[in-house]
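Below: one structure, written as structure tokens.
In my numbering, the protein residues as written are 3 to 118.
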């Protein structure tokens, strides 16, 4: 029997309750900000025994969208804390250069091992 963890569902669970709208992949509009978006970057088998996957490795990207740069920074601290509480490890956090004069964007990447 093969099992696989839905890392998107795991990220959604960790990010819910932060007081911001949380969406999958990309915000459809930027009318109501701040917004947190997330998506699965990659997942792979991390450990096998007896020809079965025992541990899955998951990678998630989280993006923060805001009209105020400090708000991006403040929310990234909350996101990092929430993800760490759920067992994720931050691999990257950076501001993304502005393409839209009215939207600030910070991206973060997290990794977690899941025992199957």
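Ideal Cβ placement from N, Cα and C applies to all residues, glycine included.
Span of the beta strand (DSSP E) around residue i
i: residue 25; result: 23–26
The alpha helix (DSSP H) enclosing residue i, as first and last residue numbers
i: residue 46; result: Unbroken run through residue 46 is the beta strand (DSSP E), 37–51; no alpha helix (DSSP H).
i: residue 12; result: 9–17
Pairwise C-alpha distance: residue j and residue i
i: residue 108; j: residue 78; result: 8 angstroms
i: residue 116; j: residue 55; result: 11 angstroms
i: residue 106; j: residue 35; result: 10 angstroms
i: residue 21; j: residue 44; result: 27 angstroms
i: residue 118; j: residue 6; result: 7 angstroms
i: residue 29; j: residue 52; result: 43 angstroms
i: residue 12; j: residue 103; result: 33 angstroms
i: residue 97; j: residue 23; result: 20 angstroms
i: residue 81; j: residue 100; result: 21 angstroms
Nearest-angstrom beta carbon gap, residue j and residue i [assumed within contact, 8 angstroms]
i: residue 91; j: residue 58; result: So it is not a contact: roughly 15 angstroms between Cβ atoms.
i: residue 39; j: residue 76; result: The Cβ separation is near 17 angstroms, so there is no contact.
i: residue 9; j: residue 25; result: 16 angstroms between Cβ atoms; not a contact.
i: residue 111; j: residue 61; result: 7 angstroms
Which of helix, strand or coil DSSP assigns to residue i
i: residue 5; result: coil
i: residue 31; result: coil
Problem set entry | Inside the segment 51–107 only - alpha helix (DSSP H) runs reaching at least 4 residues | 71–87
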